[in-house]
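**Student:** Dumping the structure here so I can ask a few things about it.
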Amino acid sequence: NAGVTQTPKFQVLKTGQSMTLQCAQDMNHNSMYWYRQDPGMGLRLIYYSASEGTTDKGEVPNGYNVSRLNKREFSLRLESAAPSQTSVYFCASSILQGGSTDTQYFGPGTRLTVL
Amino acid sequence: EDQVTQSPEALRLQEGESSSLNCSYTVSGLRGLFWYRQDPGKGPEFLFTLYSAGEEKEKERLKATLTKKESFLHITAPKPEDSATYLCAVQARGGFKTIFGAGTRLFVKA
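Chains as they are written, first to last, in my numbering: chain W, 11 to 125; chain V, 2 to 111.
Here you go:
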């Protein structure tokens, strides 16, 4: 099993450009998440999808959109990139069963720089 | 508001010098507390889940403990390969959002 995979690994954009970050998991997990990680700060939740067909905003959703394409895939789109979106982006997935804790498993990350 | 604070921000140890990392949390009913390890340029790797005060879990040189307000990650006789950032996170009852601390960067020198 590959676990959680992300593409691309690195990306440089100019202000105003758009791009989509791709994420896929092969663990048959129900839930998927997008986080960003900035120096000195914890992982911050951008959007999540509790199950196929649903998405919801996290802590820092402004400037982003998501699509849960199917159970395996969850993409993150930047419509008009800004320098403040320079960060490392992580996708995670979890099985999410009611009543129990929900351990998240992370991908390797996408390092995005917006000039 | 749910919150996680980790200390110290960075810790430098000599090989074999045991120490502890602290994770203080406030949450409206703890569902679970997680520890992750993150190597430079990689995603977080799951280590432990703790559910209730008094619980302990061990893995190789690492032992995680939990009280009602904080968790400790004890590192016994660390080796250079234990160098990494260790992240603490909590989940509250009634939801599944996970709140992460900023992490402790551990450096172990041979």
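Note that the Cβ used here is the ideal one computed from N, Cα and C, for glycine as well.
Being a predicted model, the structure only gives us computed values, none of them experimental.
Does DSSP classify residue 21 of chain W as helix, strand or coil?
**Tutor:** Residue 21 of chain W sits at position 11 when you count from the first residue of the first sequence. Strand.
**Student:** Nearest-angstrom Cα distance between residue 112 of chain W and residue 61 of chain W?
**Tutor:** The residue labelled residue 112 of chain W in the question sits at position 102 within the first sequence. The residue labelled residue 61 of chain W in the question sits at position 51 within the first sequence. So the two alpha carbons sit approximately 13 Å from each other.
**Student:** What is the residue span of the beta strand (DSSP E) that residue 33 of chain V lies within?
**Tutor:** The residue given as residue 33 of chain V occupies position 32 in the second sequence. Residues 31 to 39.
**Student:** Can you find at least 3 beta carbon pairs, one from the segment 73 to 90 of chain W and one from the segment 50 to 65 of chain W, that sit closer than 8 Å?
**Tutor:** Yes, they touch.
**Student:** Under 8 Å, Cβ to Cβ, is there at least one residue of chain W near residue 5 of chain V?
**Tutor:** As a working mapping, residue 5 of chain V is identified with position 4 in the second sequence. Cβ-Cβ to chain W under 8 Å: yes for residue 5 of chain V.
**Student:** Check the Cβ of residue 98 of chain V against every Cβ in chain B and list those closer than 8 Å, keeping chain order.
**Tutor:** Judged by its chain identifiers, the structure shown contains no chain B, and its protein chains are W and V.
**Student:** For chain V, is any of its Cβ atoms less than 8 Å away from the one on residue 51 of chain W?
**Tutor:** In the first sequence, the residue the question calls residue 51 of chain W occupies position 41. Output row for residue 51 of chain W: interface = yes.
**Student:** Curious, which full-length beta strand (DSSP E) runs of at least 3 residues does the segment 33 to 89 of chain V contain?
**Tutor:** Correct list: 46 to 51, 57 to 60, 63 to 67 and 71 to 76.
**Student:** Within the 8 Å Cβ cut-off, does residue 9 of chain V reach chain W?
**Tutor:** Taking the first residue of the second sequence as 1, we reach residue 9 of chain V at position 8. So no, residue 9 of chain V is outside the interface.
**Student:** Assuming residue 10 of chain V and residue 109 of chain V are in contact, meaning their beta carbons sit under 8 Å apart, how far apart are those beta carbons, in whole angstroms?
**Tutor:** Residue mapping note: residue 10 of chain V aligns to position 9 of the second sequence, counting from 1. Residue mapping note: residue 109 of chain V aligns to position 108 of the second sequence, counting from 1. Actually they do not touch by this definition, with Cβ atoms about 16 Å apart.
**Student:** Cα-Cα, which of V:29, V:21, V:19 and V:43 is closest to residue 99 of chain W?
**Tutor:** Walking along the first sequence from the start, residue 99 of chain W turns up at place 89. Cα-wise, what sits closest to residue 99 of chain W is V:43.
**Student:** Could you please give me the residues that DSSP links to residue 51 of chain W through a beta bridge?
**Tutor:** For the purposes of this step, residue 51 of chain W is taken as the residue at position 41 of the first sequence. For residue 51 of chain W, which the question treats as bridged, DSSP gives no partner whatsoever.
**Student:** By the DSSP assignment, the beta strand (DSSP E) with residue 103 of chain W in it spans what residues?
**Tutor:** Along the first sequence, one-based indexing puts residue 103 of chain W at 93. Here the beta strand (DSSP E) through residue 103 of chain W covers 97 to 104.
**Student:** Report all residues from its chain with a CB closer than 7 Å to the CB of residue 18 of chain W; omit the five preceding and five following residues, and keep chain order.
**Tutor:** Residue 18 of chain W sits at position 8 when you count from the first residue of the first sequence. Only 120 meet the Cβ criterion.
**Student:** Rounding to the nearest angstrom, what Cα-Cα distance links residue 92 of chain W and residue 21 of chain W in this structure?
**Tutor:** Within the first sequence, residue 92 of chain W is the residue found at index 82, counting from 1. Within the first sequence, residue 21 of chain W is the residue found at index 11, counting from 1. If you take the alpha carbons of residue 92 of chain W and residue 21 of chain W, they lie about 13 Å apart.
**Student:** Determine the chain V residues that contact residue 114 of chain W at a beta-carbon separation under 7 Å, and present them in chain order.
**Tutor:** To locate residue 114 of chain W, count along the first sequence from 1; it is residue 104. Within 7 Å Cβ-Cβ: 99.
**Student:** Decide if residue 4 of chain V is buried, meaning its Cβ has at least 16 other Cβ atoms within 10 Å, or exposed.
**Tutor:** The count along the second sequence starts at 1 and reaches residue 4 of chain V at position 3. The residue is exposed, with fewer than 16 neighbouring Cβ atoms inside 10 Å.
**Student:** So, at 6 Å on beta carbons, what are the nonlocal neighbours of residue 33 of chain V in its own chain, with the 5 sequence-adjacent residues on each side left out?
**Tutor:** Your numbering for residue 33 of chain V matches position 32 in the second sequence. Counting only Cβ-Cβ distances below 6 Å, and skipping sequence neighbours, we find 50, 52 and 92.
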